[in-house]
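A short write-up of the structure that comes next.
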Amino acid sequence: MTVRLTTDKDTGVAVVTLDRPGKLHAIDLAMAGELQEVWRGLRFDDAVRAIVLTGAGERAFCTGLDRDAVVPQPNSPYMQDDPLLRIGPKANDLWKPVVAAVEGLACGGAFYLLGECEFVVAAADAAFFDPHTTYGMVSAYESMLMTQRMPYGEVARMMLMGTAERISARRAYEVGLVSEVAEAGGALDAAVACAGVIAGYPAEGVQGTVRALWAAREAALAQGFAQAPHLIALGNLPADRQAELFAARRRDGFMVR
Numbered sequence: 475m476t477v478r479l480t481t482d483k484d485t486g487v488a489v490v491t492l493d494r495p496g497k498l499h500a501i502d503l504a505m506a507g508e509l510q511e512v513w514r515g516l517r518f519d520d521a522v523r524a525i526v527l528t529g530a531g532e533r534a535f536c537t538g539l540d541r542d543a544v545v546p547q548p549n550s551p552y553m554q555d556d557p558l559l560r561i562g563p564k565a566n567d568l569w570k571p572v573v574a575a576v577e578g579l580a581c582g583g584a585f586y587l588l589g590e591c592e593f594v595v596a597a598a599d600a601a602f603f604d605p606h607t608t609y610g611m612v613s614a615y616e617s618m619l620m621t622q623r624m625p626y627g628e629v630a631r632m633m634l635m636g637t638a639e640r641i642s643a644r645r646a647y648e649v650g651l652v653s654e655v656a657e658a659g660g661a662l663d664a665a666v667a668c669a670g671v672i673a674g675y676p677a678e679g680v681q682g683t684v685r686a687l688w689a690a691r692e693a694a695l696a697q698g699f700a701q702a703p704h705l706i707a708l709g710n711l712p713a714d715r716q717a718e719l720f721a722a723r724r725r726d727g728f729m730v731r
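If you want my numbering, it's the 1-based position in the sequence shown plus 474.
See below:
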């Protein structure tokens, strides 16, 4: 199993942990399926009233889709399968509050998850970036989700600068992506503390508030998501060219702001 679920029945808080440390919690098809099962299972567990999502260890929260994952695609220009579209709690009809606890790197497809959490707590040494443009790919769904959390200019800069720049936890707090910066190694404890407070409130009012908050966002997302497959099909380089750019990537020289 690459997704662990632990539940504290006394506090009503569950912790969902991504656990592929050798891949920095990059998501393959098996992990995507496990996440769907976990979210859908939590819908039926009335003892769980708030959830924390995190990555095991302190190196990374999630680094997006595993580049070694083989994603079968229909032989049609009108259909495109993106396994990450189904990995978040909202995509699985879960309306219990989810708080993200970010340690280390959060990049690329990690924004599918962060975009469906209510708020984000980050460790002081966390860092955020999106590598799509560097490797000849359109950042579509990630950009659309992040424009609901950050000012347009900040999202544009993060997506367009690619791997040349990383956003620190402090800058992420300043622009609204992160709601709290904890000490290094302390993001999980801080997120669990918040979740514990929320779990102590009547569940119906909490879940209704989560649904209301998402309702304010989903109309705009639906319109954007409808355009995303076409933008990706038009803008992405062929897979072999993407792989060449990825293989030639520099492992240093990025700026942190």
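For glycine and all other residues, C-beta sits at the position ideal for the given N, C-alpha and C. This structure is a prediction, so every number in the text was calculated from the model and none was measured.
What's the C-alpha gap between residue i and residue j?
i    : j    : result
G529 : R715 : 30 angstroms
I525 : V666 : 8 angstroms
P571 : A693 : 20 angstroms
E532 : A488 : 19 angstroms
G682 : L711 : 42 angstroms
T637 : Q622 : 22 angstroms
V684 : A722 : 43 angstroms
T485 : G670 : 6 angstroms
G627 : V595 : 22 angstroms
Return the first residue and the last residue of the alpha helix (DSSP H) that residue i is part of.
i    : result
A721 : 713–721
V477 : Element bounds for V477: not the alpha helix (DSSP H) but the beta strand (DSSP E), 477–482.
T585 : According to the sequence displayed, residue 585 carries Phe and not Thr. Taken as a continuous stretch (DSSP letters only), the alpha helix (DSSP H) holding F585 covers 584–588.
Can you name the start and end residues of the beta strand (DSSP E) that residue i belongs to?
i    : result
F593 : 593–597
L492 : 487–492
L527 : 524–529
V572 : 572–576
A580 : 579–581
If residue i sits next to residue j, beta carbons under 8 angstroms apart, how far is it from one beta carbon to the other, in whole angstroms?
i    : j    : result
M618 : G698 : 4 angstroms
A565 : E590 : 7 angstroms
Between residue i and chain D, is there a C-beta pair that is closer than 8 angstroms?
i    : result
L516 : Among the protein chains of the structure shown there is no chain D, as only one such chain exists.
Inset, instruction - Determine, using beta-carbon pairs with one atom in the segment 594–603 and one in the segment 631–646, whether at least three such pairs fall under 8 angstroms. - result: yes
Inset, instruction - Mind listing, in chain order, the continuous alpha helix (DSSP H) runs of no fewer than 4 residues lying wholly within the segment 611–696? - result: 615–620, 626–635, 643–649, 661–673
Inset, instruction - Examine the Cβ distances between the segment 565–584 and the segment 536–549 and report whether three or more of them are shorter than 8 angstroms. - result: yes
Legend entry - the segment 665–681 / the segment 515–524 touching (three or more Cβ pairs under 8 angstroms): yes
Inset, instruction - Check whether the segment 651–665 touches the segment 716–730, taking contact to mean three or more Cβ pairs, one atom from each stretch, closer than 8 angstroms. - result: no
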